[in-house]
Amino acid sequence: MEQWMAVPRPAHRHMPSHVRMSSDPCGHDTSNIPIALGVGCRRDCPPEVLMQLVTDMLTRTGLHPDQITLVATLVGRQHEVAMTSLAKAWGCPLMAFPAEALRESEPAMSQTSDTTRRLHGVPGVAEAAALAAIRAHCDAPARLLVARQQCDRATCALAVPNATTNISRHPLFRRFS
Numbered sequence: 001m002e003q004w005m006a007v008p009r010p011a012h013r014h015m016p017s018h019v020r021m022s023s024d025p026c027g028h029d030t031s032n033i034p035i036a037l038g039v040g041c042r043r044d045c046p047p048e049v050l051m052q053l054v055t056d057m058l059t060r061t062g063l064h065p066d067q068i069t070l071v072a073t074l075v076g077r078q079h080e081v082a083m084t085s086l087a088k089a090w091g092c093p094l095m096a097f098p099a100e101a102l103r104e105s106e107p108a109m110s111q112t113s114d115t116t117r118r119l120h121g122v123p124g125v126a127e128a129a130a131l132a133a134i135r136a137h138c139d140a141p142a143r144l145l146v147a148r149q150q151c152d153r154a155t156c157a158l159a160v161p162n163a164t165t166n167i168s169r170h171p172l173f174r175r176f177s
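Numbering (full-length UniProt numbering), first residue to last: 1 to 177.
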């Protein structure tokens, strides 16, 4: 089992009744699909910068913060104020993964960063952390829902379980693949 530093695995969060996902013509219940938010940031990134980046991504994708199950990052960044503020504001656990766990995510990543590899020994933080979080939380393979989004000081990405059932045909999964 992967080693990671965080609070214990979170109890699954259900989507509030006022939040609706894309309509599902197949009748699948998508309200219980865990979504991991992977985040990376430069040291001393202002909390509002990370919050704005993530909020903009969720707005563009039609998702709501209540749909995020957990927030994940690289060990060493979990105490950054931007990270803790985001997780606290959304009531999500913040998981921090060691470099080895993030490197395991590389085959499923859409892009890598030579700079991040040189500085931290990982192919990237946001995508890799989101994928590692789903693997740890669900004990299942993961795939990206939204590839890395970035601004000057931060990155973010979303991952979900790699669905092996017809749920992968849901519009939410097709739209961002």
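Cβ atoms here follow ideal geometry from the backbone N, Cα and C, with glycine treated the same way.
Note that this is a predicted model, so its numbers are computed, not measured.
- Annotated as proximal: A147 and S110, with beta-carbon spacing under 7 Å.
- Check the Cα spacing between A157 and each of G91, T112, E80: the tightest is with T112.
- Judged by their CB atoms, A129 and A72 are nearer to each other than the 7 Å cut-off.
- Judged by beta-carbon spacing, V122 lies within the 7 Å limit of R103, meaning their Cβ atoms are closer than that value.
- No Cβ-Cβ contact shorter than 7 Å links I68 with V160.
- The DSSP-derived three-state label of V125 is coil.
- Take the alpha-carbon of L37 and the one of G91: they are about 13 Å apart.
- Between the C-alpha atoms of A126 and L94 there is a straight-line separation of about 13 Å.
- Straight through space, the alpha carbons of A82 and Q52 are spaced by roughly 11 Å.
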